[in-house]
Amino acid sequence: MSELRLMKGNEAIAEAAIRYGVDGYFGYPITPQSEVMETLMELRPWETTGMVVLQAESEIASINMMYGGAGCGKKVMTSSSSPGISLMQEGLSYLAGAELPCVVVNVVRGGPGLGTIQPAQSDYSQAVNGGGHGDYNLIVLAPSSVQEMADFVELAFELAFKYRNPALILSDGMIGQMMEKVELKAQKDRMSDQELAEKYPWATTGKPSSRERNIITSVELDPYAFERFNHKVQAKYKQMHKEDVRFEQFQCEDAEYLLVAYGSSARICQKSVQLLREKGIKAGLLRPITLFPFPGVELDKLAGQVKGMLAVELSAGQLVRDVRLAVNGKVPVEHFGRMGGVIHSPEEVVEALEKNFLKG
Amino acid sequence: MALEVKDIIKPENLVYAKTKLLTERMMHYCPGCTHGVVNKLIAEVIDELNIQEDTIGVTPVGCSVLLYNYIEIDWHEAAHGRAPAVGTGIKRLRPDKYVFTYQGDGDLAAIGTAETIHACNRGENILMVFINNGIYGMTGGQMAPTTLEGMKASTCPFGRDVEHDGRPLNMTSIVATLPGTCYVTRQAAHTAPAVRKLKKSLRKAFENQKNKKGTSFIEVVGTCSSGWKMNPVQSNKWMEANMFPIYPLGDIKDV
Ligand SMILES: Cc1ncc(C[n+]2csc(CCOP(=O)(O)OP(=O)(O)O)c2C)c(N)n1
Ligand code: SF4
Ligand SMILES: [Mg+2]
Numbered sequence: 001m002s003e004l005r006l007m008k009g010n011e012a013i014a015e016a017a018i019r020y021g022v023d024g025y026f027g028y029p030i031t032p033q034s035e036v037m038e039t040l041m042e043l044r045p046w047e048t049t050g051m052v053v054l055q056a057e058s059e060i061a062s063i064n065m066m067y068g069g070a071g072c073g074k075k076v077m078t079s080s081s082s083p084g085i086s087l088m089q090e091g092l093s094y095l096a097g098a099e100l101p102c103v104v105v106n107v108v109r110g111g112p113g114l115g116t117i118q119p120a121q122s123d124y125s126q127a128v129n130g131g132g133h134g135d136y137n138l139i140v141l142a143p144s145s146v147q148e149m150a151d152f153v154e155l156a157f158e159l160a161f162k163y164r165n166p167a168l169i170l171s172d173g174m175i176g177q178m179m180e181k182v183e184l185k186a187q188k189d190r191m192s193d194q195e196l197a198e199k200y201p202w203a204t205t206g207k208p209s210s211r212e213r214n215i216i217t218s219v220e221l222d223p224y225a226f227e228r229f230n231h232k233v234q235a236k237y238k239q240m241h242k243e244d245v246r247f248e249q250f251q252c253e254d255a256e257y258l259l260v261a262y263g264s265s266a267r268i269c270q271k272s273v274q275l276l277r278e279k280g281i282k283a284g285l286l287r288p289i290t291l292f293p294f295p296g297v298e299l300d301k302l303a304g305q306v307k308g309m310l311a312v313e314l315s316a317g318q319l320v321r322d323v324r325l326a327v328n329g330k331v332p333v334e335h336f337g338r339m340g341g342v343i344h345s346p347e348e349v350v351e352a353l354e355k356n357f358l359k360g
Numbered sequence: 001m002a003l004e005v006k007d008i009i010k011p012e013n014l015v016y017a018k019t020k021l022l023t024e025r026m027m028h029y030c031p032g033c034t035h036g037v038v039n040k041l042i043a044e045v046i047d048e049l050n051i052q053e054d055t056i057g058v059t060p061v062g063c064s065v066l067l068y069n070y071i072e073i074d075w076h077e078a079a080h081g082r083a084p085a086v087g088t089g090i091k092r093l094r095p096d097k098y099v100f101t102y103q104g105d106g107d108l109a110a111i112g113t114a115e116t117i118h119a120c121n122r123g124e125n126i127l128m129v130f131i132n133n134g135i136y137g138m139t140g141g142q143m144a145p146t147t148l149e150g151m152k153a154s155t156c157p158f159g160r161d162v163e164h165d166g167r168p169l170n171m172t173s174i175v176a177t178l179p180g181t182c183y184v185t186r187q188a189a190h191t192a193p194a195v196r197k198l199k200k201s202l203r204k205a206f207e208n209q210k211n212k213k214g215t216s217f218i219e220v221v222g223t224c225s226s227g228w229k230m231n232p233v234q235s236n237k238w239m240e241a242n243m244f245p246i247y248p249l250g251d252i253k254d255v
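Residue numbers (the UniProt record's numbering), protein chains in the order written: chain A, 1 to 360; chain B, 1 to 255.
Below is the structure:
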């Protein structure tokens, strides 16, 4: 049965993972996301659904434990925050290269370096550009509420398995730590090993005489074969852009100025739109939900309607580059953001829009 | 009447056959390389124990990266040093399967040190096969953590200087001290008796896994003729004279 609860974003991730029927979680503590593994360890899902939960010796180990589990066709996930996600990049590149599904949650904190434990959105570029070596991308989802933290666990797995590609939930310390009402879905059954072997014929389930051996690998030494493989992977990304772009529009119908923001920043920008409209400025907000695939087509459409766009993010200007690429010079695109764990107020966003487009 | 070949090739005369678990692929190893022998022994043991359908192997980054081309089982190719973590993930999610990793000294004892120690310390119910040839074979003969004092490698061309480079790392002794390991042994594969012993160890390790005893760890002291810049016969002699005193063969732990 579904259930209404008040909880933190990080706790919602853990609850949703169990209820969705995730097979394994491997993690390493880091603020501001440690509640994910703490909640799982408290709930002891290995006694109920059979879900494996293991604290690894590092993020390098946790992503590679996931790599092993994902190869078996299992639904595996991890969560971490910025420095830990940096350590996972080699593993993510292997997972993408071996075409394996998995879900990684990044509850972003401010960087560079050890940085701060306060919220930031400064891992955007890493997230949407693959992050590790090679030509690959992650499917990137950006929740802006505790409800979406819970819902995107399922969505991320569905997309990861649809494309056999790792998916990343790009959250931040604000969404991870804040408490909100959340509707948790009813418990689903985990897939049996037999069902799995039929559904995922590529998985390492032990070689029966009825099939060839399965090899999970990302090595290909023949350049022509490897180029063909790369084309195949790129075709998946094209398909994602056709079929799985998600975004939300807020008062865009008659907008003359557009705010573009995701995650926690988008929540703040909703208020800014309201304040701008009270001042008689017709503002709207486009909130990308999938950061990869990016809703560039939608932005390009809006570029024919608005006089200017302002990308608002908790970073020095990373999302703004994708917005500029999308509209390709059709309208001025400016950036506003705070950094280092500082969160902008709705009023600061109003001021930034006025300063960039309406004054002087 | 003279005996002809066709008269000799008869089932009743068969004394040795290639195990059916070895594929027809030609191995890519250099002549005399220890990897080829150990690959074959693993195939034989899996075949003899009749656990082909229930075994998942994890290959490393190193000369044996393509080991998955040679044995007819399901495989997972790990990143450099991460095989114990990959093996952990597989075994935790498929405890009904036999899981083993196969790693070189650079892979297991340098870049993968943390993964090795923690998998052994948790007592992951897997087998780790550790091919110690004292060198980075695949990348062209650089110094490994196990390179002997004074031994030449491309990144210590004047011989390993322990003041500068540190001393050879004895990973097998280290993991033997960890509570999670149930069986730790050091073997070789250069003579018929050595091969027989190694095979026995491999069999025992798979049986330990069946009995859920914890981590079995088998080091195989081996040669790398290309990296050592010797022919295979010289390599074996050099190994006996120089490697075995530092890495003595035999069981270190068996509980
Ligand atoms: C992260 C990373 N660093 C370095 C390498 C390059 N590399 C490939 S194999 C290898 C060393 C292999 O030596 P060893 O593990 O002893 O195996 P051998 O070839 O001797 O069997 C290195 C350094 C790599 N592939 N990945
Ligand atoms: S380089 Fe050394 S370890 Fe690699 S295949 Fe040749 S002999 Fe074996
Ligand atoms: Mg080596």
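Beta carbons are placed, not taken as given, at the ideal position from N, Cα and C, and that holds for glycine.
Cβ shell of HIS241/A (< 6 angstroms), same chain only, five flanking positions each side left out: The residues are PRO293.
Span separating the alpha-carbon of SER225/B from that of LEU41/B: Whole-angstrom Cα-Cα distance: 20 angstroms.
Contact set between the stretch 94-108 of chain B and chain A, restricted to residues whose Cβ is under 7 angstroms from the partner: Going along the stretch 94-108 of chain B in chain order, one finds ARG94 and LYS97 with a Cβ nearer than 7 angstroms to chain A.
First and last residue of the uninterrupted alpha helix (DSSP H) at THR88/B: Looking at the DSSP string, the run of the alpha helix (DSSP H) that includes THR88/B is 83-93.
For LEU170/A, the nearest candidate out of GLU256/A, TYR224/A and SER264/A (CA to CA): By alpha-carbon distance to LEU170/A, the top candidate from GLU256/A, TYR224/A and SER264/A is SER264/A.
Local conformation of PHE294/A per DSSP, three classes: Coil, per DSSP.
Cβ of TYR94/A within 9 angstroms of any chain B Cβ: TYR94/A counts as touching chain B.
Span separating the alpha-carbon of ILE19/B from that of GLY166/B: According to the sequence provided, residue 19/B is Thr. The question's Ile does not apply to it. Between THR19/B and GLY166/B, the C-alpha separation is close to 42 angstroms.
Three or more C-beta pairs below 8 angstroms linking the stretch 155-173 of chain A and the stretch 184-194 of chain A: Contact between the stretch 155-173 of chain A and the stretch 184-194 of chain A is absent, because fewer than three Cβ pairs lie under 8 angstroms.
CB of SER122/A within 9 angstroms of CB of PRO112/A, strictly: In contact: SER122/A and PRO112/A (Cβ atoms closer than 9 angstroms).
Contact under 9 angstroms by Cβ, GLU207/B with LEU93/B: Not a contact, by the Cβ cut-off of 9 angstroms.
Sequence-distant residues of its chain with Cβ nearer than 7 angstroms to THR34/B (five each side left out): Result list for THR34/B: ILE131, ASN133, ALA189, VAL220, GLY222 and THR223, in chain order.
is_contact[ARG44/A, chain B] using C-beta, thresh 9 angstroms: Using beta-carbon distances, ARG44/A does not count as an interface residue toward chain B, since no partner is under 9 angstroms.
Contact list for the stretch 25-41 of chain B against chain A, Cβ threshold 9 angstroms: Going along the stretch 25-41 of chain B in chain order, one finds no residue with a Cβ nearer than 9 angstroms to chain A.
Residue environment, GLN33/A, which counts as buried when at least 16 other CB atoms sit within 10 Å: GLN33/A comes out buried.
Proximity test, ILE131/B beta-carbon vs ligand 3 heavy atom, cut-off 8 angstroms: Yes; taking the cut-off as 8 angstroms, the Cβ of ILE131/B has a heavy atom of ligand 3 nearer than that.
C-beta neighbour in chain B for ASN129/A, strict 9 angstroms: Chain B, which has no Cβ nearer than 9 angstroms to the Cβ of ASN129/A, makes this no.
Under 8 angstroms (Cβ pairs) to chain B, residues found in the stretch 221-242 of chain A: For the stretch 221-242 of chain A, no residue has a beta-carbon sitting nearer than 8 angstroms to a beta-carbon of chain B.
ALA110/B: contacting residues in chain A (beta-carbon distance under 9 angstroms): Within 9 angstroms of the CB of ALA110/B, no CB atom of chain A is found; the nearest one sits about 14 angstroms away.
Residues within the stretch 202-223 of chain A neighbouring chain C, beta-carbon criterion of under 8 angstroms: Annotation note: the requested chain C is absent from the structure, which comprises protein chains A and B.
Simplified DSSP assignment, three categories, for ASP300/A: Helix, per DSSP.
Cβ of LYS212/B within 9 angstroms of any chain A Cβ: No, LYS212/B lies away from the interface with chain A (no Cβ there is under 9 angstroms from its Cβ).
Rounded C-alpha distance that separates SER80/A from MET230/B: Looking at the two C-alpha atoms, the distance is approximately 48 angstroms.
Residue nearest to ILE111/B in terms of C-alpha spacing, selected from VAL297/A, GLU198/A and ILE60/A: Considering only VAL297/A, GLU198/A and ILE60/A, the residue with the shortest C-alpha distance to ILE111/B is ILE60/A.
Neighbour-count burial assignment, SER145/A, 16 or more Cβ in a 10 Å radius: Buried.
Complete alpha helix (DSSP H) runs within the stretch 223-275 of chain A (minimum length 4 residues, chain order): Contiguous alpha helix (DSSP H) elements confined to the stretch 223-275 of chain A occur at 223-243, taking only those with 4 or more residues.
As assigned by DSSP and simplified to three states, the class of PHE206/B: Residue state, collapsed to three classes: helix.
Selection from GLU72/B, LEU169/B and GLN209/B that minimises the alpha carbon distance to SER210/A: For the residues GLU72/B, LEU169/B and GLN209/B, the minimum Cα distance to SER210/A belongs to GLU72/B.
Residue span of the beta strand (DSSP E) that contains ARG5/A, given as start and end: Unbroken beta strand (DSSP E) run through ARG5/A: 3-8.
Helix, strand or coil at GLY69/A according to DSSP, with G and I counted as helix: GLY69/A sits in a helix when the DSSP states are folded into three classes.
Closest by C-alpha distance to PRO245/B, when choosing among LYS152/B, LYS91/B and GLN187/B: GLN187/B is the residue among LYS152/B, LYS91/B and GLN187/B whose C-alpha sits nearest the C-alpha of PRO245/B.
Interface partners of ILE73/B on chain A, CB under 7 angstroms: Neighbours of ILE73/B in chain A, taken as residues at a C-beta separation under 7 angstroms, are given in chain order as LYS207 and ARG213.
Per-residue burial, SER272/A [other beta carbons within 10 Å of its own, 16 or more giving buried]: Answer is buried; the Cβ neighbour count reaches 16.
Cβ separation of ALA120/A and VAL108/A, assumed to be a contact under 8 angstroms, to the nearest whole Å: Between VAL108/A and ALA120/A the Cβ distance is about 6 angstroms, and since that is below 8 angstroms, they are a contact.
Alpha-carbon spacing of GLU347/A relative to GLY27/A, whole angstroms: Taking the straight line joining both Cα atoms gives about 38 angstroms.
Extent of the continuous beta strand (DSSP E) run through PHE336/A: Secondary structure note for PHE336/A: its beta strand (DSSP E) is the uninterrupted segment 333-336.
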